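First up is the structure itself, then whatever we jot down about it.
Residue numbers (the working numbering): 79 to 191.
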């Protein structure tokens, strides 16, 4: 069995972990779905569709189909041999919101400093 790539949650300068907090607010069934998909990513990285898709600039989205027909995305990057969960949201439109992309890019830049 392959060794999984470590997955860590981005931590703000104030010490919060936005993706972990987002996960805690999801119903248990949905947390399990997202957790399963993140775990699959750890064992199969690099991986493409349908599990993950490049957003460019070193960002990737992990795609999860939640209960009730909703979908979620966790935006990640690969940094210092770890997968870093930067941002997460329930998707409401076809496009990934620019606000989420901008936030994830800012967080990635902060990691690289």
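Here a beta-carbon is modelled for each residue, glycine too, at the ideal position from N, C-alpha and C.
These numbers come from a predicted model, not from an experiment.
Taking only heavy atoms of the ligand GTP into account, decide whether any of them is closer than 7 Å to the Cβ of residue 109. Of the ligands one can find in the structure shown there are none, so the ligand GTP has no counterpart to examine.
Anyone know if the C-beta pair for residue 140 and residue 119 falls short of 8 Å? Indexing the chain shown from 1 puts residue 140 at position 62. Indexing the chain shown from 1 puts residue 119 at position 41. Cβ atoms of residue 140 and residue 119: closer than 8 Å.
From 156, 147, 111 and 93, pick the residue whose C-alpha is nearest to that of residue 190; which is it? Along the chain shown, one-based indexing puts residue 190 at 112. Nearest of 156, 147, 111 and 93 to residue 190, Cα basis: 156.
Can you tell me whether DSSP reads residue 193 as helix, strand or coil? Lying outside 79 to 191, the shown extent of the chain, residue 193 is not represented and no answer is given.
Hey, would you say residue 83 sits closer than 8 Å to residue 161, going by beta carbons? Taking the first residue of the chain shown as 1, we reach residue 83 at position 5. Taking the first residue of the chain shown as 1, we reach residue 161 at position 83. Taking 8 Å as the Cβ cut-off, residue 83 and residue 161 qualify as a contacting pair.
To which residues of the same chain is residue 109 closer than 7 Å at the C-beta, ignoring the five residues directly before and after it? As a first step, residue 109 is located in the chain shown; it is residue number 31 there, counting from the start. The answer, listed in chain order, is 101.
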